[in-house]
């Protein structure tokens, strides 16, 4: 086995360990439960709204979109925060000090944040299936669509998270450069309401980014064929979904390692020390 | 030291931030198996120097070779031969020492050789640094001294040929410090690990180091054993004694013959005899003061003769 492959394997074990530590941590458990509770409450209060022109209720249509958004959000904001924090607390430097450690670190992040979506999604799907009707009406075919949209969405969004986490000057700035743009995109990407109600140029902007396509892909997995009429062009636009998510995945997988390597090269004990002093200094 | 392999070679190393030279013309060598201490006031450039050698920082100018390789272009194979203990870590709060050491050790597995099995056996390593009772505790709950021991364990887990220690004993109590010194001796004697460490503790430098480098104002101003450096500042030893209840102090380069004469003259009347050579602390303070008042150049000249 090559040294790189060995490091990838070691890093994947690392991701698994971190995931186990995460689901045992009260801090992370409450995050999962809180997010799920907020979404469920929101859907439950709108449970009787029937979408015009269909027999489907609002929660049935919104839940797949929210799962798509959750994947994008978790895989962009998760690694962005991890990377920004672990640059400052010395985790990344520790990885840099061992042979092939950065390769291992990134493999670990990939595994950790992918696995981290399982409790998030499960906590939406399980209560969703119990509370609302018509979810996943396509059976096995739907689950297949879910699987490929998930994998493609993961490849499209995780590199973005790594790039943001590598470029932000500090943890506090993840809010400005990560959270804010993502929340705006969530607002315009047809997650909570169909995007046809928005101005044309806003729709165009939203369709450049992967969040809209993740939502659309998930709706195509969970909803019956008749619901496609609600979408732009009255179709699930499967080819376009593959094309846009695929393009983001390819660009991301090329750019992220370059940005990450540049950032890792700058890491040193003094950088960690400076970040530590900065974090302790509130008033400047 | 002649004939032993040069593990670190630094020539005219220069580090510039903007228009300020943090390091200028730093040159020194470290040979295989040596324990060398880098001393200097805060801001003298110790950490910068060590970070350049670790390959964590790019230099502005000069040539640097560590284990025969320029650290700026050090490969992962090179990385596997070098151990690093940095000043401050707050990472892996949720992990336990055993889990972290096991994980980090795995990265060294492909680099294991019959002469140097890598990584260390984890339980052996844990007991070497005295963390047996804390191996299953969350790292977040370790005391400062315990964290530091874990850092040292991580630094040596790959059985490095060369180990960098940046202020390794900060936060240690006297007993932990003693144990750490034993560990350094053990690494140096049994594993033939070459060690470069920085410290503020002069007593520690004197105990551990075969050789001491003093860095001031971005230059190496002294290079030699603690004894050699002390003699360079002053050849005189201080002799104190009392006679008939009166205290006397005399400074002399040859304390032995002075004391012999003293006894020949006064015999039993001499009491409270004490001969004190300049300590490393005296040397260090004298050197730093000289640098602060007289400028770097005169200091450099004063110590020129010490360089071996």
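Residue numbers (the numbering used here), protein chains in the order written: chain A, 705 to 988; chain B, 23 to 330. A virtual CB, placed ideally from N, CA and C, is assigned to each residue, including glycine. Just so we're clear, the structure is a prediction, and the values are computed from it rather than from any experiment.
Report back the beta-carbon spacing between residue i and residue j to the nearest angstrom; my notes put them in contact at under 8 angstroms.
| i | j | result |
| --- | --- | --- |
| residue 723 of chain A | residue 775 of chain A | The pair is not a contact, with the Cβ atoms about 16 angstroms apart (cut-off 8 angstroms). |
| residue 71 of chain B | residue 45 of chain B | 6 angstroms |
| residue 112 of chain B | residue 793 of chain A | 4 angstroms |
| residue 183 of chain B | residue 216 of chain B | 7 angstroms |
| residue 850 of chain A | residue 947 of chain A | Not a contact, Cβ separation roughly 19 angstroms. |
| residue 245 of chain B | residue 235 of chain B | 5 angstroms |
| residue 193 of chain B | residue 166 of chain B | 4 angstroms |
| residue 808 of chain A | residue 711 of chain A | 4 angstroms |
| residue 150 of chain B | residue 243 of chain B | 35 angstroms between Cβ atoms; not a contact. |
Taking only beta-carbon positions, decide if residue i is within less than 8 angstroms of chain B.
| i | result |
| --- | --- |
| residue 974 of chain A | yes |
| residue 798 of chain A | yes |
| residue 707 of chain A | yes |
| residue 985 of chain A | no |
| residue 966 of chain A | no |
| residue 930 of chain A | no |
| residue 794 of chain A | yes |
| residue 711 of chain A | yes |
| residue 944 of chain A | no |
| residue 971 of chain A | yes |
| residue 751 of chain A | no |
| residue 845 of chain A | no |
| residue 791 of chain A | no |
My output table needs one value for residue i: the three-state DSSP class, helix, strand or coil.
| i | result |
| --- | --- |
| residue 66 of chain B | coil |
| residue 102 of chain B | coil |
| residue 298 of chain B | strand |
| residue 36 of chain B | strand |
| residue 755 of chain A | coil |
| residue 244 of chain B | strand |
| residue 260 of chain B | strand |
| residue 153 of chain B | coil |
| residue 88 of chain B | strand |
| residue 115 of chain B | coil |
| residue 647 of chain A | With chain A represented from 705 up to 988, any question about residue 647 of chain A goes unanswered, as that position is not in the structure. |
| residue 855 of chain A | helix |
| residue 159 of chain B | coil |
| residue 895 of chain A | coil |
| residue 876 of chain A | helix |
| residue 850 of chain A | helix |
| residue 723 of chain A | helix |
| residue 222 of chain B | coil |
| residue 966 of chain A | helix |
| residue 728 of chain A | helix |
Shorter than 8 angstroms from the beta carbon of residue i to some beta carbon of chain A?
| i | result |
| --- | --- |
| residue 221 of chain B | no |
| residue 79 of chain B | yes |
| residue 95 of chain B | no |
| residue 45 of chain B | no |
| residue 108 of chain B | yes |
| residue 117 of chain B | yes |
| residue 156 of chain B | no |
| residue 102 of chain B | yes |
| residue 112 of chain B | yes |
| residue 98 of chain B | yes |
Less than 8 angstroms between C-beta atoms, sequence neighbours within five positions excluded: which residues of the same chain meet that for residue i?
| i | result |
| --- | --- |
| residue 152 of chain B | 171, 198 and 201 |
| residue 971 of chain A | 791, 796, 797 and 800 |
| residue 877 of chain A | 788 |
| residue 982 of chain A | 874 |
| residue 36 of chain B | 43, 45, 46, 47, 48, 81, 82, 83 and 84 |
| residue 120 of chain B | 144, 148, 157 and 158 |
Leaving out five residues on either side along the sequence, give the residues of the same chain with a beta carbon under 6 angstroms from the beta carbon of residue i.
| i | result |
| --- | --- |
| residue 76 of chain B | 106 and 186 |
| residue 913 of chain A | 889 |
| residue 993 of chain A | Nothing can be reported for residue 993 of chain A: it is not among the residues displayed for chain A, which extend from 705 to 988. |
| residue 79 of chain B | 73 |
| residue 719 of chain A | 812, 815 and 816 |
| residue 297 of chain B | 259, 261 and 277 |
| residue 30 of chain B | 52 and 88 |
| residue 133 of chain B | 102 and 140 |
Among the residues of its own chain, which have a CB less than 7 angstroms from the CB of residue i, if the five just before and after it don't count?
| i | result |
| --- | --- |
| residue 820 of chain A | 723, 726, 778 and 782 |
| residue 743 of chain A | 770 and 828 |
| residue 114 of chain B | 122 and 161 |
Worksheet item: Any residues in the segment 722–744 of chain A with a beta carbon nearer than 7 angstroms to a beta carbon of chain B? Which ones, in chain order?
Response: If the cut-off is 7 angstroms between Cβ atoms, the segment 722–744 of chain A has 725 and 729 near chain B.
Worksheet item: Relative to chain B, which residues along the segment 802–816 of chain A have a C-beta separation below 7 angstroms, given in chain order?
Response: Cβ contacts with chain B come from 802, 803, 804, 805 and 808.
Worksheet item: Going along the segment 121–133 of chain B in order, which residues come within less than 8 angstroms of chain A, judged by CB to CB distance?
Response: 121, 125, 126, 128, 129, 130, 131, 132 and 133
Worksheet item: Closer than 7 angstroms, Cβ to any Cβ of chain A: which residues of the segment 67–92 of chain B, in chain order?
Response: 69, 73, 78 and 79
Discussion item. Against chain A, which members of the segment 193–224 of chain B pass a CB distance test of less than 7 angstroms?
Written reply: none
Discussion item. Tell me which residues of the segment 179–192 of chain B have at least one Cβ-Cβ distance to chain A shorter than 9 angstroms, keeping chain order.
Written reply: 179, 180 and 188
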